[in-house]
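Novice:
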Amino acid sequence: LEPRVHGVQIVPVDVPGGYVLVVRVPPSFDSPHCIRSNANRRFVMRNGTSTTDMTYDQIRNAFDRTATLADRGREFIAKRQQAIAARTTASPVLIGPVAAVHAVPLAGLAERRSVDLQNVYHATYSNFMGRDWGGANRSFNFDGLVIHPGEKHDEGYYGYTHIFRFGALEACNLSGEKTQIQRGLPERSIVWSLDLSHFVHSIATKFLSSLQAWGFGGPAFLSVALLNTKG
-8 LEPRVHGVQI
2 VPVDVPGGYV
12 LVVRVPPSFD
22 SPHCIRSNAN
32 RRFVMRNGTS
42 TTDMTYDQIR
52 NAFDRTATLA
62 DRGREFIAKR
72 QQAIAARTTA
82 SPVLIGPVAA
92 VHAVPLAGLA
102 ERRSVDLQNV
112 YHATYSNFMG
122 RDWGGANRSF
132 NFDGLVIHPG
142 EKHDEGYYGY
152 THIFRFGALE
162 ACNLSGEKTQ
172 IQRGLPERSI
182 VWSLDLSHFV
192 HSIATKFLSS
202 LQAWGFGGPA
212 FLSVALLNTK
222 G
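Going letter by letter, the sequence shown gives residues -8 to 222 in the numbering used here.
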């Protein structure tokens, strides 16, 4: 096969008089695949109990479908970053520099997997709390489940985690402030570099392990952005 399909499992099962092979083929995001024999290539598809050659239009549509998933992932992240910077999300972060981490599995965009949000709400929501929140609240919205600190300030929260129904994950955290570095000097806007590093590393690790635990195989976008900053 070209390109190769990774993760194929072949299991022999003994039956009277011999054995049968069970072949498990995982979803692929490198489609379409062709059969290559020496210099000959064939693009085929399964149709009921038979295998037929794909037409030109079917091959073209298969390539377009794979490219469309990648474009949808990039577009989703870009739109979410714009909403975070404009503070129009369900749980806006306090005014200042904001770190935003996204994980978007292509299996979710292809509608092959979804997240059991009821289980997260009742059992595992605390896994998505910030280390210094001191407690958390959570609520459902049209897109999924939002987990945020129990205390809200007038202008928003220190951070939040948003779990989308199709498996995308979003975490935001206030990552700086305007402060006086030395007495007698004017205030300066700074980014908390150490806290930022801890946040990005812990969230990225948590997001990838969560997707694996929820059964999302295949590729995913992982995005890290520092918003509302300059200089």
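Note that the Cβ used here is the ideal one computed from N, Cα and C, for glycine as well.
Rounded C-beta distance between Gly99 and Gly158? I'm assuming under 8 Å.
Specialist: The Cβ separation is near 3 Å, so the contact holds.
Novice: Compute the distance between the beta-carbons of Val95 and Ile138, then report whether it is under 9 Å.
Specialist: Not in contact: Val95 and Ile138 (Cβ atoms no closer than 9 Å).
Novice: Can we say the region 157 to 174 touches the region 68 to 85, given the rule of at least three CB pairs closer than 8 Å?
Specialist: Counting Cβ pairs under 8 Å, three or more are found: they touch.
Novice: Hey, which unbroken runs of the beta strand (DSSP E) at 3 residues or more fall wholly within the region 0 to 71?
Specialist: Complete beta strand (DSSP E) runs here, min 3: 0 to 6, 9 to 15, 25 to 28, 31 to 38 and 41 to 44.
Novice: Give the range of the beta strand (DSSP E) segment to which Lys169 is assigned.
Specialist: Unbroken beta strand (DSSP E) run through Lys169: Gly167 to Thr170.
Novice: How is the alpha helix (DSSP H) around Leu185 delimited, first residue to last?
Specialist: Here the alpha helix (DSSP H) through Leu185 covers Ser184 to Ala204.
Novice: Work out the CA separation of Ser166 and Trp183 for me, nearest whole Å.
Specialist: If I take the Cα positions, the gap works out to 6 Å.
Novice: Does the count of Cβ pairs from the region 168 to 178 and the region 192 to 201 closer than 8 Å reach three?
Specialist: Flag = no, the region 168 to 178 and the region 192 to 201 do not touch.
Novice: Report yes if the C-beta distance between Val(-1) and Val13 is below 9 Å; otherwise report no.
Specialist: Cβ distance not < 9 Å, so Val(-1) and Val13 don't count as in contact.
Novice: Hey, would you say His153 sits closer than 9 Å to Ser82, going by beta carbons?
Specialist: The answer is yes: Cβ separation under 9 Å.
Novice: Within 10 Å of its beta-carbon, does Pro140 have 16 or more other beta-carbons around it, so buried, or fewer, so exposed?
Specialist: Label assigned to Pro140: buried.
Novice: Short of 6 Å in beta carbon distance, which residues of its chain neighbour Val2, apart from the five on each side in sequence? Order them along the chain.
Specialist: Here the set comprises Val13.
Novice: Which whole-angstrom value is the C-beta distance of His188 and His93, which I expect to be below 8 Å?
Specialist: Inspection of the sequence shows that residue 188 is occupied by Ser rather than by His. So it is not a contact: roughly 18 Å between Cβ atoms.
Novice: For my contact list, Glu146 and Leu97 are in at a C-beta cut-off of 8 Å; report their separation, rounded to the angstrom.
Specialist: Actually they do not touch by this definition, with Cβ atoms about 35 Å apart.
Novice: Answer yes if the region 22 to 41 comes into contact with the region 51 to 66, meaning at least three C-beta pairs across the two stretches below 8 Å, and no otherwise.
Specialist: Taking 8 Å as the limit for Cβ pairs, the verdict is that the region 22 to 41 does touch the region 51 to 66.
Novice: If I measure Cβ to Cβ from Phe119 and keep anything under 6 Å in the same chain, skipping five residues before and after, which residues do I get?
Specialist: Closer than 6 Å at the Cβ level, and outside the excluded window around Phe119, lie Ile138 and Thr152.
Novice: Report all residues from its chain with a CB closer than 6 Å to the CB of Ile181; omit the five preceding and five following residues, and keep chain order.
Specialist: Correct list, in chain order: Gly167.
Novice: Quick one: using the 10 Å Cβ neighbour count with 16 as the cut-off for buried, is Ala30 buried or exposed?
Specialist: Exposed, by the Cβ-count rule.
Novice: Quick one: what does DSSP say Ser117 is sitting in, helix, strand or coil?
Specialist: Of the three classes helix, strand and coil, the one that applies to Ser117 here is helix, per DSSP.
Novice: What residues in its chain sit with their C-beta under 6 Å from that of Gly126, if we drop five residues either side in the sequence?
Specialist: Excluding sequence neighbours, Gly126 sits near Gly141.
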